[in-house]
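Chains as they are written, first to last, in full-length UniProt numbering: chain A, 1 to 234; chain B, 1 to 384.
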């Protein structure tokens, strides 16, 4: 994940919002209401101390997780799709989920490195063909059936008073001290094949994932590039 | 796993000065202020990963034993601690502020009796009870704030790297517990050991072993022991700890002085072959040889003879294989040697060209372990 973080830092330096998505070119979403299995979102919201230490906040993180799930459900509902949260598992099932979460983190890191951070693998040029393998089917079965799995990763931070003071002092001296930043990615997996058919990443110095409004704005921005269902194509 | 309960009113916490942690964490403690709740949240996430990790040793008997030793040592508050035995062949144990304790499997080859295991568990428990990690985090945070205002350019660099919460975890783990906290935990462990009727000298004995192992590893590689640098270490040097622990043990009140070797060895019997295998695969012949010699100070048991034979087979010079064969032969007639000794004997004989005898030994292993995970491969090798 380290490269992702560096990337976010670079993007956030411009103080703007950056969104960029990739989709598997030949994949077509079936023309019927879809069921999306949402994996437990990996969320952490922190406040940035004056010294730049990101201190995780449990309440903010909980609010953001709830708000993001709400926004996802609403957004997919508007498309006529339904969202199914993968519940807490135990024993072997929990280990399987952990395995796929770890595998997805690794693959997402590769996507960030070779699609976003400017390093291009010759074999991946002009392609988007990452996969978690057909074993992901088990995740769908665990959730009681589904067409796609959705992974969500979100990091959000807010400057403390001390950090704000430092930013002002920094600006007065002609330097730049970064404040709060947010970084979210979504990744959609075809549960039949395990292929990552769409991946979208947002880095921004504005917004707030903690409240339903901010979470909805972020999810809507990210979802804008999600391929439409075949029949729903304009 | 408990999800952290939520309340709103978050923004107000920005300006709220953190409460000062001191003394012991009370029974049934749940964090209240935002620093600590954040720390617990990060640890809860980490625990989710640990809990479902393939590195966790599931063996119920060994898990029950370690828990029982912890409970005897620290009392009923052991219920607040969740123990994860991690299959990692190094000497280490760690404690998170939310009660997640990790014990690495390499520790079981280095503690020689129940009292020594209890010493490590008591040390980690003291970190928990005295909330050491929270104090370290606050210390780092406060120091970094001062640093930022003193030196803006530095803070710009630090700020970029600090965009992520991962940095928080890095700070908490890399810096580790300060040396002062380690000393406090050492003192706590001697007190708890004495109270539980264990030999308080056990704590110092562990560090004697670790120090000797470092020297042996360096000697085997033909290097001098790298001196421990106290100034930058997160822990006091092994030697310093050893001396302080010895003095504390000597000053401990009189009472029962149990070391519990028998129960300890019985509890480890089922995992022994795995522990030895992982240690040997570190490919550190000198340290492993010394480790086994130290464990055999009171005599070579069947399980130790097996371990020695495995080590020689792994290095595998012509002489090693000859010796290994003799050691395996000595092991398999002992009741406490694992069945894997027959496999080792078979593989050694095969490498020495004694095909018929080798196959017979492997067949005998498969009779003892019909469901061995390497059964299919061994059957293919022996044509059985």
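We treat Cβ as the ideally placed atom computed from N, Cα and C, and that holds for glycine.
Interface flag, residue i vs chain B, CB-CB below 8 Å
i: residue 149 of chain A; result: no
i: residue 30 of chain A; result: no
i: residue 95 of chain A; result: yes
i: residue 55 of chain A; result: yes
i: residue 108 of chain A; result: no
i: residue 218 of chain A; result: no
i: residue 98 of chain A; result: yes
i: residue 58 of chain A; result: yes
i: residue 73 of chain A; result: no
i: residue 225 of chain A; result: no
i: residue 18 of chain A; result: no
i: residue 131 of chain A; result: no
i: residue 61 of chain A; result: yes
Residue i classed as buried or exposed, judged by whether at least 16 other C-beta atoms fall within 10 angstroms
i: residue 139 of chain A; result: buried
i: residue 153 of chain B; result: Caution applies to residue 153 of chain B, whose pLDDT of 37 falls short of 50 and renders its modelled position unreliable; the value that the coordinates give is listed next. Residue 153 of chain B comes out exposed.
i: residue 56 of chain A; result: buried
i: residue 43 of chain B; result: buried
i: residue 310 of chain B; result: buried
i: residue 54 of chain B; result: exposed
i: residue 61 of chain B; result: exposed
i: residue 119 of chain A; result: exposed
i: residue 47 of chain B; result: buried
i: residue 374 of chain B; result: exposed
i: residue 26 of chain B; result: exposed
i: residue 167 of chain A; result: buried
i: residue 191 of chain A; result: buried
i: residue 129 of chain A; result: exposed
i: residue 221 of chain B; result: exposed
Beta-carbon proximity list for residue i, same chain, < 7 Å, skipping 5 on both sides
i: residue 145 of chain A; result: 35
i: residue 43 of chain A; result: 61, 64, 65, 68, 154
i: residue 217 of chain B; result: 284, 286, 287
i: residue 100 of chain A; result: 132, 136, 139
i: residue 54 of chain A; result: 46, 48, 157
i: residue 207 of chain A; result: 182, 214, 217, 218
Sub-8 Å separation of residue i and residue j beta-carbons
i: residue 186 of chain A; j: residue 152 of chain A; result: yes
i: residue 115 of chain B; j: residue 259 of chain B; result: yes
i: residue 219 of chain A; j: residue 71 of chain A; result: yes
i: residue 192 of chain B; j: residue 247 of chain B; result: no
i: residue 244 of chain B; j: residue 183 of chain B; result: yes
i: residue 143 of chain A; j: residue 105 of chain A; result: no
i: residue 87 of chain B; j: residue 105 of chain B; result: yes
i: residue 134 of chain B; j: residue 278 of chain B; result: no
i: residue 165 of chain A; j: residue 181 of chain A; result: no
i: residue 194 of chain B; j: residue 253 of chain B; result: yes
i: residue 171 of chain A; j: residue 40 of chain B; result: no
i: residue 257 of chain B; j: residue 186 of chain B; result: no
i: residue 126 of chain B; j: residue 188 of chain B; result: yes
i: residue 103 of chain A; j: residue 114 of chain A; result: no
i: residue 113 of chain B; j: residue 202 of chain B; result: yes
Any C-beta of chain A under 8 Å from that of residue i
i: residue 173 of chain B; result: With a pLDDT of 42 at residue 173 of chain B, under the threshold of 50, the modelled position of this residue cannot be trusted; read the value that follows with caution. Taking Cβ atoms only, chain A never reaches closer than 8 Å to residue 173 of chain B, which makes this a no.
i: residue 42 of chain B; result: yes
i: residue 344 of chain B; result: no
i: residue 373 of chain B; result: no
i: residue 52 of chain B; result: yes
i: residue 35 of chain B; result: yes
i: residue 38 of chain B; result: yes
i: residue 49 of chain B; result: yes
i: residue 229 of chain B; result: Residue placement at residue 229 of chain B is poorly supported in this model, since its pLDDT is 45, which falls under 50; the coordinates are not used for a value here.
Contact belief for residue i with residue j at Cβ below 8 Å, rounded distance in angstroms
i: residue 313 of chain B; j: residue 319 of chain B; result: Not confirmed; about 12 Å, so no contact.
i: residue 45 of chain A; j: residue 224 of chain A; result: About 23 Å separates the two Cβ atoms, so there is no contact after all.
i: residue 348 of chain B; j: residue 325 of chain B; result: 5 Å
i: residue 80 of chain B; j: residue 101 of chain B; result: Not a contact, Cβ separation roughly 10 Å.
i: residue 66 of chain B; j: residue 103 of chain B; result: 7 Å
i: residue 361 of chain B; j: residue 346 of chain B; result: 3 Å
i: residue 221 of chain A; j: residue 202 of chain A; result: 6 Å
i: residue 290 of chain B; j: residue 213 of chain B; result: 6 Å
Other residues of its chain near residue i: CB distance less than 6 Å, five sequence neighbours each side excluded
i: residue 150 of chain A; result: 36, 38, 188
i: residue 196 of chain B; result: 72, 73
i: residue 334 of chain B; result: 302
i: residue 96 of chain B; result: 43
i: residue 372 of chain B; result: none
i: residue 78 of chain B; result: 70, 71
beta-carbon residue i near the ligand FAD non-hydrogen atom, thresh 7 Å
i: residue 183 of chain B; result: Ligands are entirely absent from the displayed structure, and the ligand FAD is therefore not among its contents.
Same chain, Cβ closer than 8 Å to residue i, neighbours up to 5 away in sequence not counted
i: residue 388 of chain B; result: Residue 388 of chain B is absent from the model: chain B starts at 1 and stops at 384.
i: residue 212 of chain A; result: 67, 70, 71
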